[in-house]
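> Per our numbering, residue 179 is the first one in the sequence shown, and the count goes up by one each step. A single structure is presented below for examination.
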Amino acid sequence: MSCASCGTGSGCGTVDIITVKKTSAVKKSPCTSGGCGKLDSYDWLGVMEMSSQKEFDVVEVKFKNGRKDFFRNTNRLILHTGDAVVVDASGGHHIGYVSLQGELVRLQMRKKNVENNEDIKIIYRIANAKDLEKFEQAKAREDSALFRTREIIRNLKLDMKLNDVEFQADNTKATFYYSAEERVDFRELIKILAAEYKVRIEMKQISMRQEAGRLGGIGSCGRELCCSTWLTDFKNVNTSAARYQNLALNPSKLSGQCGRLKCCLNYELDTYMEALKDIPEVEQPLLTEKGPATLQKTDIFKKIMWFAYKDDESTWIPIHTDRVVAILEMNKQNKLPASLEFDVIESSEDKILQEKAELSRFDDKFKKKKKKKKRKKKNKGKTPDSTNS
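Here is the structure:
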């Protein structure tokens, strides 16, 4: 039997249902195909006793490769996470697996801007053995249809990449997922596919990031791809995000498996933008009596900036951002500090006098201690009779 979540044919682990006070929690054993983690959801409220109010009648159902949709449980079926259900589909019915139910579905609908109205399709029933058998027959056609369609695309010389094929459970419709850089005229392709498979054909274009999420994989961080495990909202990523974080603009390191900039560049961007408010903008070299000093590196969180004199660019001098602001203010007033570290360099005579003063200060301390010890010894030598006399 194929896997409920990832759609592979290698089989999936059993589903253990744990019932606690009229609520259900589900514990799934790991899938042998390694694809069950795709956009998986966990019902945090599943083991909590809810109030006496009516349970939310909309259920989240998961289909092949993590595709999810919302359906209304009008028949008040007793459902558990992982149950196969027959749902309403365009021109027929389809089979999916319950991924979430209860109040968390309401939050998911609000997050995805889905309105709770009459447009939400319904759940017909819990899938029986006959429904699942027909569903398996429909899925058995997907691999051959994928390879055959790719061959037709090459013959028609269409500039598109076919990623996946999904047959509806009632064998009346097939959805072909593809990616392309430009608009593609696939009218001839649809005619050939409809005549060959005798089903309704739907072509659905997906982005490069969605393609990587459907295929899955391991990122450079060593974890599963975010787009295949939890990320569904793909935001624009610019190279400015890398510049703000002081990252090298290396395309091979900044791009993900989809060929686009990594989505994780946006994760810590707000923190860096907040920290950059305390970092002064250095557009020109800092002017000192030793010469102009150019900025080499900035540690945003430690608020330390490294500068190097033009005469000696191999030596970097770290200074705090407060000192950089002070030097910039002096340069605006046409004043030059002696160096990056000091405003005025002390003469050698002043340094010698300071060193002598420090040494004499330590000598005075030791002299006082010796005097105290001598006084104590003298007091011990005197007898009480002598003191009374």
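Glycine included, every Cβ here is placed at the ideal spot set by N, Cα and C. Everything numeric in this text was worked out from a predicted model, so none of it was measured.
1) Kindly indicate which residue of Asp235, Glu344 and Arg328 has the alpha-carbon position closest to the one of Gly274.
2) Using the rule of at least 16 other Cβ atoms within 10 Å of the residue's Cβ for burial, across every protein chain shown, is Pro429 buried or exposed?
3) Where DSSP assigns a beta bridge to Ile396, which residues make up the other side?
4) Roughly how many whole angstroms lie between the Cα atoms of Leu464 and Thr472?
5) Check whether the Cβ atoms of Ala318 and Asn349 sit closer than 8 Å, and answer yes or no.
6) Among Cys441, Leu393 and Glu402, which residue has its Cα nearest to the Cα of Asn416?
7) Sorted by chain position, which residues of the same chain lie with C-beta nearer than 7 Å to Ile330's C-beta, five sequence neighbours on each side aside?
8) Is the stretch 334–343 touching the stretch 291–308, taking contact as three or more C-beta pairs under 8 Å?
9) Can you tell me which of Ala307, Phe248, His271 and Ile396 puts its alpha carbon nearest to the alpha carbon of Leu282?
10) Within the same chain, show all residues whose beta-carbon is closer than 7 Å to that of Val503, passing over the 5 residues directly before and after it, in chain order.
11) For the structure I just gave you, are there three or more beta carbon pairs, one from the stretch 430–440 and one from the stretch 385–397, closer than 8 Å?
12) Taking the alpha-carbon of Lys290 as reference, which of Ser322, Glu452 and Glu238 has the nearest alpha-carbon?
13) By the DSSP assignment, the beta strand (DSSP E) with Asn618 in it spans what residues?
14) With a threshold of 8 Å on Cβ separation, who are the neighbours of Phe234 within its own chain once the five nearest residues in sequence on each side are excluded?
15) Under DSSP, the beta strand (DSSP E) around Val236 begins and ends at which residues?
16) Quick check on Val362: does DSSP put it in helix, strand or coil?
17) For Ser357 versus Met381, is the C-beta distance shorter than 8 Å?
18) Assuming Phe325 and Ala347 make a contact with CB atoms under 8 Å, what is their CB distance in whole Å?
19) Going by DSSP, name the residue or residues bridged to Ala267.
According to the structure shown:
1) The option with the nearest alpha carbon to Gly274 is Glu344.
2) Label assigned to Pro429: exposed.
3) By DSSP's assignment, Ile396 forms a beta bridge with Glu402.
4) Leu464 and Thr472: Cα-Cα distance of roughly 7 Å.
5) Taking 8 Å as the Cβ cut-off, Ala318 and Asn349 do not qualify as a contacting pair.
6) Asn416 has its Cα closest to that of Cys441, out of Cys441, Leu393 and Glu402.
7) Exclusion of the five residues before and after Ile330 leaves Leu367 and Ile370 as the residues of its chain whose Cβ lies within less than 7 Å of its Cβ.
8) Counting Cβ pairs under 8 Å, fewer than three are found: no touch.
9) Among Ala307, Phe248, His271 and Ile396, the Cα nearest to that of Leu282 is on Phe248.
10) Cβ neighbours of Val503 beyond the five flanking positions: Pro458.
11) Short answer: they touch.
12) Nearest C-alpha to Lys290 among Ser322, Glu452 and Glu238: Glu238.
13) The structure shown does not extend to residue 618, since the chain is modelled only from 179 to 567, so the question has no answer here.
14) The beta carbon of Phe234 lies closer than 8 Å to those of Gln279, Gly280, Glu281, Val283 and Arg284 in the same chain, with the five residues before and after it left out.
15) Boundaries of the beta strand (DSSP E) harbouring Val236: Val236 to Lys240, taken from the DSSP string.
16) Here Val362 sits in coil by DSSP.
17) Their beta carbons are not under 8 Å apart, which means Ser357 does not touch Met381 by this criterion.
18) With 8 Å as the limit, Phe325 and Ala347 do not qualify as a contact, their Cβ atoms being about 22 Å apart.
19) Ala267 is bridged to Gly270.
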